[in-house]
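Student: All letters in the sequence shown, in the order written, are residues 6 to 460 by the working numbering. My structure is below; once you've seen it, I'll send some questions.
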Amino acid sequence: MKKILFLILTCIATLALLSSCALFNSSTINGEKLSSYKIVYSADDHDYSYRAAEYIQSSVKTRTGVELKIVEDDQTEGECEIIVGETSRSASASLDADCSRSEFAILSDGTKIALEGDYFLIAAAAYYFVETFVPTNNYQATVPSGVSVCEPIVKEAKNFIMLIGDGMGQNHTKLFDVLENDVEYGDGEDIFYGYYLSAIGYSRTNSLTGTTDSAAGGTALSSGHKTYNEHIGIDADGNDVLLITELASSLGKSTAVMSTETKTGATPASFSAHAEDRDGKSAILQSQIQLTSQYGTLIDCGYDYYTSAKLLGIEDKIRETLDTLDNDGDGFFLMYEEAHIDKHSHNNDTEKLFLALVRFNQAIATFMEYAFYHPDTMVIITADHETGGLTEGEGEYYFTYGDHTSADVFVFVHGAAAERFDGVSVENIQIPMTVAHLMGKDDFGDRTTYSHLTE
Ligand SMILES: [Zn+2]
């Protein structure tokens, strides 16, 4: 009796193993066996496309056991191809879709399937393709023929990424329209990447003092409380206020604070300390030590450089940090600041300002690529205030001021609840209040004056 039972169990185990094996995989795409497809990319295209090809390859393998080959577009065209990004294949040429903002396009013509999206949007296309057409083992998928324009897949937010361009006014983001981007470390992009996010709104930045500094501006974004200038993580009465990093930690999430500024700089400090005076460095450090020891908040700051090797250092650092945070099943909150947009705007130095903007753009691309492969990630790009009164006249932008102004700044949002911000003007404190709301906390921030953005 035991022997028969053993035999039956062995048979079941063998069958289970075989059905998950590529050899016996009966999946098809557009009528052809999945295993007859190759993934094609171009070495001339951005690395985003190669990574998208790798993503499709590894996800298909995990789901079906089939390992598709990745080939370059200089190799002879095959019968069945999944073409990723801009290539020399005719399918790429016919994929001339009219996409706006966060949209990407998929073309299907028999056994030729092409995916295209600007820069990191190809990641959204790759994720969408796998989720929609490679559901599991042994399936028959049909990619709708012709060109489809699609939106990234978004799931309920578990991870939150807040990106702050210190001093980045609305016109700062438009400098890409008029300045030649020949910055060695950039993608050669002629657009501020925020414009690829699905929602664009506006934030009012004034503090209780009037025109804000980065301390009160940072505190508004980190705590949902308007306070006086110079204050770090404390309210008008001098009381400590709960920071979004502290809230996230208390909910079991991992937290990280990254900045191109040193860690006692007003913005990173606002997300990791409570101190009455932004210039009281030792008090800030003391407070930060307490936060890191209590919650394990990762504080990684001080990247002020411009050379390509070191920029790669920033992108790697970001990926490394995301990898660490990714291991937390409860999700994470991360704040990243580009501090030098403000510095160079104070000096009215357009050239250096643009370098800082390109560097910020590269950081945004790295975070957005992550978000598209992890659709439970919400990304907010905003500023604490505008600096320099950057003004447009006759197709050029020029500074009119040497300090902060009260001009509204942009809020670019991707992910869950993005639509709440689209085309809407909010007080800066409503941004972290909405994040807290999505974390399930409705008593965060100054609820007496403002509410979070309810549906
Ligand atoms: Zn400033």
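Backbone N, C-alpha and C define an ideal beta-carbon position, used for all residues, glycine too. Computed from a predicted model, the values in this text were never measured in an experiment.
Thr267: which of Gly257, Gln293, Ser430 sits nearest, CA to CA?
Tutor: Closest by alpha carbon: Gln293.
Student: Measuring only the C-alpha atoms, how far is Cys104 from Ser63?
Tutor: Spanning the two alpha carbons is a distance of roughly 27 Å.
Student: May I ask you to list the residues that DSSP assigns as paired with Asp305?
Tutor: Asp305 is bridged to Met263.
Student: In chain order, which continuous runs of the alpha helix (DSSP H) of length 4 or greater are located wholly inside the region 29-110?
Tutor: Entirely contained in the region 29-110, the alpha helix (DSSP H) runs reaching 4 residues are, in chain order, 52-69, 95-99.
Student: Would a C-beta distance cut-off of 8 Å place Asn353 and Phe426 closer than the cut-off?
Tutor: Their beta carbons are not under 8 Å apart, which means Asn353 does not touch Phe426 by this criterion.
Student: Going by other Cβ atoms of all chains shown within 10 Å of its Cβ, with 16 needed for buried, is Glu91 buried or exposed?
Tutor: Result: buried.
Student: Between Thr250 and Phe338, is the Cβ-Cβ spacing less than 8 Å?
Tutor: A contact, by the Cβ cut-off of 8 Å.
Student: Sorry if obvious, but does the Cβ on His279 come closer than 7 Å to a heavy atom of ligand 1?
Tutor: No, the beta carbon of His279 sits no closer than 7 Å to any heavy atom of ligand 1.
Student: Tell me whether Gln435 is buried or exposed, calling it buried when 16 or more other Cβ atoms sit within 10 Å of its Cβ.
Tutor: Answer is buried; the Cβ neighbour count reaches 16.
Student: What residues come near ligand 1, if near means a beta carbon less than 6 Å from any of its heavy atoms?
Tutor: That query returns the following residues: Gly172, Ser219, Asp347, His351, Thr392, His409.
Student: Is Lys160 helix, strand or coil when you go by DSSP?
Tutor: Coil.
Student: CB-CB under 6 Å to Ser313, same chain, minus the five flanking residues each way: which ones, in chain order?
Tutor: Confidence at Ser313 is low in this model, with a pLDDT of 49, below 50, so its placement is unreliable and the value that follows should be read with caution. Only Glu189, Tyr190 meet the Cβ criterion.
Student: Between the alpha carbons of Glu108 and Asn433, how many angstroms are there, rounded?
Tutor: Spanning the two alpha carbons is a distance of roughly 27 Å.
Student: Helix, strand or coil for Tyr402 per DSSP?
Tutor: Here Tyr402 sits in strand by DSSP.
Student: Would Thr410 pass as a contact of Glu391 if the rule is Cβ separation under 8 Å?
Tutor: Closer than 8 Å, so yes.
Student: Check each candidate in Ala370, Gly215, Thr232 and name the one with the smallest Cα separation from Asn244.
Tutor: Of the candidates Ala370, Gly215, Thr232, the one whose C-alpha sits nearest the C-alpha of Asn244 is Thr232.
Student: On the three-state DSSP scale, how would you describe Asp331?
Tutor: Reduced to three states, the DSSP call for Asp331 is helix.
Student: How long is the line joining the alpha carbons of Leu213 and Val384, rounded to whole angstroms?
Tutor: The straight-line gap from Cα to Cα measures roughly 27 Å.
Student: Rounded C-beta distance between Ile346 and Arg283? I'm assuming under 8 Å.
Tutor: Their Cβ separation, rounded to whole angstroms, is 18 Å, which puts Ile346 and Arg283 out of contact at 8 Å.
Student: Relative to the C-alpha of Ile44, which candidate in Gly36, Thr81, Gly285 has its C-alpha closest?
Tutor: Looking at the Cα atoms, Thr81 is the closest of the given residues.
Student: Relative to the C-alpha of Val148, which residue among Phe134, Glu156, Gly215, Ile158 is closest?
Tutor: The option with the nearest alpha carbon to Val148 is Phe134.
Student: For the alpha helix (DSSP H) that contains Glu356, what are its first and last residues?
Tutor: 355-378 is the span of the alpha helix (DSSP H), which, as asked, contains Glu356.
Student: Does the region 360-380 touch the region 153-166, meaning 3 or more C-beta pairs lie closer than 8 Å?
Tutor: With a cut-off of 8 Å, the region 360-380 and the region 153-166 count as touching, because enough Cβ pairs lie within range.
Student: Distance, Cα to Cα, Leu360 vs Ser40?
Tutor: Roughly 46 Å separates the two Cα atoms.
Student: Could you check the C-alpha separation between Tyr300 and Asn143 for me, to the nearest Å?
Tutor: Distance between the alpha carbons of Tyr300 and Asn143 is about 45 Å.
Student: If Gly60 sits next to Ala131, beta carbons under 8 Å apart, how far is it from one beta carbon to the other, in whole angstroms?
Tutor: Here residue 60 turns out to be Tyr, not Gly, going by the sequence shown. That pair is a contact at about 5 Å.
Student: Do you know whose CA, among Ser97, Arg106, Phe125, Gly122, lies nearest Asp114's CA?
Tutor: Cα-wise, what sits closest to Asp114 is Ser97.
Student: Could you give the residue range of the alpha helix (DSSP H) that holds Ala5?
Tutor: Because the chain here runs from 6 to 460, residue 5 falls outside it and cannot be looked at.
Student: If you reduce the DSSP assignment to three classes, tell me which class Tyr207 lands in.
Tutor: Of the three classes helix, strand and coil, the one that applies to Tyr207 here is strand, per DSSP.
Student: To the nearest angstrom, how far is it from the Cα of Leu184 to the Cα of Ser350?
Tutor: Going from the Cα of Leu184 to the Cα of Ser350 covers about 16 Å.
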